[in-house]
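Novice: Chains as they are written, first to last, in my numbering: chain D, 1 to 354; chain Y, 355 to 671.
1) Compute the Euclidean distance between the alpha carbons of residue 593(Y) and residue 626(Y), then round it to the nearest angstrom.
2) Between which two residues does the beta strand (DSSP E) holding residue 412(Y) run?
3) Can you confirm whether residue 309(D), when its beta carbon is compared against all beta carbons of chain Y, has any partner nearer than 8 Å?
4) Which residues in the same chain as residue 10(D) place their Cβ atom closer than 6 Å to its Cβ, once the five residues preceding and following it in sequence are excluded?
5) Check residue 309(D) in the structure and name its three-state DSSP category.
6) Can you find a C-beta in chain Y that's less than 8 Å from the C-beta of residue 322(D)?
7) Closer than 9 Å by beta-carbon distance: list the chain D residues that pair up with residue 512(Y), in chain order.
8) With 16 as the cutoff for other CB atoms within 10 Å, does residue 448(Y) come out buried or exposed?
9) Curious, which full-length beta strand (DSSP E) runs of at least 3 residues does the segment 571–630 of chain Y contain?
10) Within the same chain, show all residues whose beta-carbon is closer than 6 Å to that of residue 516(Y), passing over the 5 residues directly before and after it, in chain order.
11) Assign residue 529(Y) to one of three DSSP states: helix, strand, or coil.
12) Using a beta-carbon distance cut-off of less than 9 Å, what residues from the segment 224–252 of chain D approach chain Y?
13) Can you tell me the Cβ-Cβ gap for residue 224(D) and residue 111(D), rounded? I've got them flagged as a contact below 8 Å.
14) From the beta carbon of residue 596(Y), is the nearest beta carbon of chain D less than 8 Å away?
15) Starting from residue 95(D), follow the alpha helix (DSSP H) in both directions and report where the run begins and ends.
16) For residue 556(Y), does the count of other Cβ atoms within 10 angstroms reach 16, so buried, or fall short, so exposed?
17) By how many angstroms is the C-alpha of residue 614(Y) removed from the C-alpha of residue 57(D)?
18) Evaluate residue 360(D) with the Cβ neighbour count: other Cβ atoms within 10 Å of its Cβ, from every protein chain shown; 16 or more gives buried, anything less gives exposed.
19) Round the Cβ separation of residue 71(D) and residue 30(D) to the nearest angstrom and send it over; I've been treating them as touching at under 8 Å.
20) Does the beta carbon of residue 549(Y) come closer than 8 Å to any beta carbon on chain D?
21) Between the alpha carbons of residue 178(D) and residue 318(D), how many angstroms are there, rounded?
22) Could you give the first and the last residue of the continuous beta strand (DSSP E) run that contains residue 332(D)?
23) So the beta strand (DSSP E) residue 511(Y) belongs to, where does it begin and stop?
24) Please go through the same chain and pick out, in chain order, the residues whose beta-carbon is closer than 7 Å to the beta-carbon of residue 375(Y), but skip the five residues on each side of it.
25) At a Cβ cut of 7 Å, what residues of the segment 77–96 of chain D count as close to chain Y, listed as they run along the chain?
26) Between which two residues does the beta strand (DSSP E) harbouring residue 367(Y) extend?
27) Is there a Cβ from chain D that is less than 8 Å from the Cβ of residue 367(Y)?
28) Residues bridged to residue 650(Y) by DSSP?
29) Residue 221(D): which of 121(D), 337(D) and 14(D) sits nearest, CA to CA?
30) Give the range of the beta strand (DSSP E) segment to which residue 75(D) is assigned.
31) DSSP state of residue 55(D), grouped into three classes?
32) Along chain Y, in chain order, which residues have C-beta atoms closer than 7 Å to that of residue 13(D)?
33) Comparing alpha-carbon positions, which option in 254(D), 104(D) and 132(D) lies nearest residue 142(D)?
34) Just to confirm the assignment, what range does the beta strand (DSSP E) spanning residue 325(D) have?
35) Have a look at the DSSP bridge pairing and note the partners of residue 430(Y).
36) Taking only three categories from DSSP, how would you classify residue 169(D)?
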């Protein structure tokens, strides 16, 4: 499981790991990704969301490994879950409901839930030596752990049961029986309007048949995440926010007894001339600039001074995580001069990760 | 005093950008900059990240407009973290005087339910609060000279701002519809301007261009592209020769052994590769036809002094 804040290079890391596992370790590997950069997706032969693992071409298969990749189609996965848990007629009703349409494509936890769902399916087939999940680009990395539980809590929630009460022979909010309920339902009617309530109650009663299914599945995937066969890999760029996010996530993993394998510090800069300090370099650049006859060296010294300052800052930021989690292995991946979007680039990153 | 008004004419500035591009820092700097000269601005966040509190190193923000910075010349910046649940209760109270019923709604989990099942509703509440703050008057003058919204990232910005479309799927009439129509017309008026923050890296640039196209199609006014964390270009563009580097190092009185010379040469080449890539990305952004603003990379990271520096850079752009 590759986790981390947005924009830290999670997808690239996931793809590089998969490529290395296939080429070097001969493993049959699948990478499940959510929203890869267009060119990276193209380089892996992914041109559309189709929910089916596609074999990546152009990799070295001498070791007997294979690399497959797939992009998650959130709505289609949700549709499949619905179809599995209810009759075709009920499923058709659910699909036509505007609330389902809104929820299956925009509910904030749907991507996370569906990624878990897909992970469960891939794991169940026993086709793979290694499954790599590139977690969704959420607001916070923690959403990945929280969203499935939130969805199942929601589907099993008090509110939903209340709306469902008539179907089970009890009182419904629409029957306006008790005073507080009357007040409540008048409020809802007033704010939402009657048509909306009709759609809502239709959606809710249609979902009723699927309750157990959703909850059970969310519990199952949670257990998969605690399994010793699972490994969480945190990915962070050496920036304050990304490292803070990684630290939150690490704390949660420890609390939830989920296996934390390590931290990837992505895009770390490094200097080729560590003995030459930023201050000395900067001072010399000024002298040369004033003299005016060595513009190349003056620039080189400025570049070097900036690089050294940046390296030092990145190491300070990285140290905040390392000090807090001394037992967690970390690996630094050097920043590449150009962005990575082909198999060769992934191979380079894979070697740096090893 | 009125100078920056002509440069940043909108009153509601929506700041988006790919995750990791520094949009929260840029939004904060914009709120600081626009508060110069005795103005009052409001910096709003809507994603429950408490990014503003982290940036200003304060306690987590409550659902309340609190001052987080004073600006030279008598200006001030207030900050607000909008919580959808609080926004719904406030809205109900304002329009329906539903104090007790509102609390009852919360008790049974209705609000959590409503905002979960209909995410579009959540966005209407969040943008509705932003609209309210933007248009609010106090004692015959505007409560805020400008409102700066630290908005969801580029991948979600279109859906977030396109409130009418999202709620129209669910509510064809009634108060929610009225509310979202009001928000939609504000967001499509010259009062609003959406600025996109990016780094000179491939993915953020691609997402910036995608977001601009999406916003244009929605007829939501796009303001500026803000290039964050840029480095000054160096004069060196030609060939790097080790002999020349060696002569320079000798002249500067620095070690000029083979390892130092080739190490520096490697660093310069990597820098030039990066610079070339950045130039081509800059050219792509220029083609989008929106004004570019460049903000410098802050070598020590974003602290209070850094924010002031960014604010000054934004206001002089």
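Quick reminder that beta carbons are idealized off the backbone N, C-alpha and C, glycines included.
Specialist: So, from the listed chains and residues:
1) 10 Å
2) Per DSSP, residue 412(Y) belongs to no beta strand (DSSP E) and is neither H nor E.
3) yes
4) 2, 4, 134 and 235
5) helix
6) no
7) None at all; the shortest Cβ gap to chain D is about 12 Å.
8) exposed
9) 576–584
10) 572
11) helix
12) 237, 239, 240, 241, 242 and 244
13) The Cβ separation is near 17 Å, so there is no contact.
14) no
15) 88–96
16) buried
17) 41 Å
18) With chain D covering only 1 through 354, there is no way to say anything about residue 360(D).
19) Not quite, the Cβ-Cβ distance comes to about 12 Å (not below 8 Å), so this is no contact.
20) no
21) Residue confidence for residue 178(D) is low, a pLDDT of 41 falling below 50, so the modelled location carries little weight and cannot support an answer.
22) 330–334
23) Segment 508–515 is the alpha helix (DSSP H) holding residue 511(Y); no beta strand (DSSP E) there.
24) 551, 552, 553, 558 and 582
25) none
26) 366–371
27) no
28) 584(Y)
29) 121(D)
30) Here residue 75(D) belongs to no beta strand (DSSP E); instead the alpha helix (DSSP H) covers 74–85.
31) strand
32) Simply none; closest approach about 14 Å.
33) 254(D)
34) Counting along the chain, residue 325(D) falls outside any beta strand (DSSP E), and DSSP gives it neither H nor E.
35) 394(Y) and 424(Y)
36) The predicted position of residue 169(D) is uncertain, since its pLDDT is 43 and thus under 50; a value taken from the coordinates is nonetheless stated next. Three-state result, residue 169(D): coil.
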